[in-house]
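Heads up: the sequence shown runs through residues -20 to -1, 1 to 312, numbered per mature numbering (1 follows the signal peptide of the UniProt record, and there is no 0). Just so you know, even glycine gets a beta-carbon here, dropped at the ideal spot from N, CA and C. Note sheet for the following structure.
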Amino acid sequence: MRAIVFRFVAASLFAALTNAQTFTDCNPMLKTCPPDPALSGIYQHTYGGEAPNFKYLSSKDSVKYGGKDGAVFRIAKPKDAPTIISSFYIMWGRYEVVLKAAPGAGIVSSIVLQSDDLDEIDWEWLGGKPGEAQSNYFGKGNTATYDRGAVHPIDSQARFHKYGIDWTAEKIDWLIDDVVVRTLKPSQVKGDFYPQTPMTARIGSWAGGDPDNEQGVIDWSGGPTDFTKGPFDMFVQSIYVRDYSTGKEYIYTDKSGSAASIKSNGGSIMGGGANPGTPNLSSSSSAALSSGSSGSFNAPSNSGRLSSTASKSHPKITLAILAATLAAIWFY
């Protein structure tokens, strides 16, 4: 019995610690939060300089501009985690990035859609596995299991590819070079954890193999990372984001985290269709955006991954740690 309990404690602590690095500034399932500014249109940017309407979640100096391959998201030392996040949200939509993933054991490249209540849709690439890409999703920050991912063969480090996410109420498609390689429907998701709330767009890389990370993350990422072999560069050529809804902002009308609770101020949900609205943005440069069998894998959620010194905790982490600790004491 004691061995079983401590295995439970270890698993709970791992889930809690992993969840601590997936963050939200304000979770509308827990309290009243400000409205989410809507894209309400199409955003495009080809990298020659900074992407307007995106902000940095880490040091601005870790993203380099001006090279022939576009923006360079560079990891050169421990705690580097170059990451940008859109200032706008989409409520159902399409997200495409043309990139070449970073090499290096323990290095993780990613593009992500994530909401305030921790709905999440990912593309991820492990530096030690240059022949694949991983698709993944999470709902409402639920990390009770890590069986939502799939692996797709692709030469992710050898050349540029366009990776896409097409997200609607009916399904999520993951695409590589405009070919659908995976489809997920709400009926395939256990519980009410289908991603369904307004999302920001994120691009970033981080060192899962940093020795300060928990062992489960280091093992999943293929680490530990040998920083003497760096720098480890992810190259990004262009971004395309399309909001399938319209309006000025998206509002959570209750704490359910359901799509039905989301209302648009000045527009309509799924109102974009073939004629998207005018983007609520400053001007941005235009962009001309230039498959195989899947296998399952186990991976943590990492869309909000920052260097460990800057990580923010999800409110549920304290309860998870407390429950695990009390269980250990009770059964010891």
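Its chain contains GLY119, PRO166 as the residues whose beta carbon lies nearer than 7 Å to that of TYR174, once the 5 sequence neighbours on both sides are disregarded; these appear in chain order.
With 16 or more other Cβ atoms from the protein chains shown falling within 10 Å of its own Cβ, GLY189 counts as buried. Just so you know, the alpha carbons of ASP158 and LYS142 end up roughly 7 Å apart.
Of ILE198, ALA187, SER201, the smallest CA-CA separation from GLY210 is found for ALA187. In the DSSP assignment, VAL78 falls within the unbroken beta strand (DSSP E) covering 73 to 80. Here GLY28 is exposed: its Cβ has fewer than 16 other Cβ atoms, across all protein chains shown, within 10 Å. Nearest neighbour of LYS59 by Cα position, chosen from THR26, SER42, ALA181, PHE140, turns out to be SER42. Cα atoms of GLN24 and LYS57: separation of roughly 31 Å, rounded to the nearest angstrom. By alpha-carbon distance to TYR45, the top candidate from LEU37, GLY227, ASP234, PHE215 is PHE215. When the Cα atoms are used, ALA85 and GLN114 turn out to be separated by approximately 16 Å. Assigned with DSSP and collapsed to three states, GLY196 falls in helix.
In the structure shown, PRO166 falls within a helical segment according to DSSP collapsed to helix, strand and coil. For GLY247, the CB contacts under 8 Å within the same chain, skipping 5 residues up- and downstream, are ALA18, SER20, SER225, THR226, GLY227, LYS228, GLY257 in chain order. Between the region 8 to 18 and the region 58 to 78 there are three or more C-beta pairs closer than 8 Å, enough to call the two in contact.
Rounded to the nearest whole angstrom, the CA to CA distance from TYR220 to TYR75 is 6 Å. Annotation for GLU229: the continuous beta strand (DSSP E) segment containing it runs 229 to 232.
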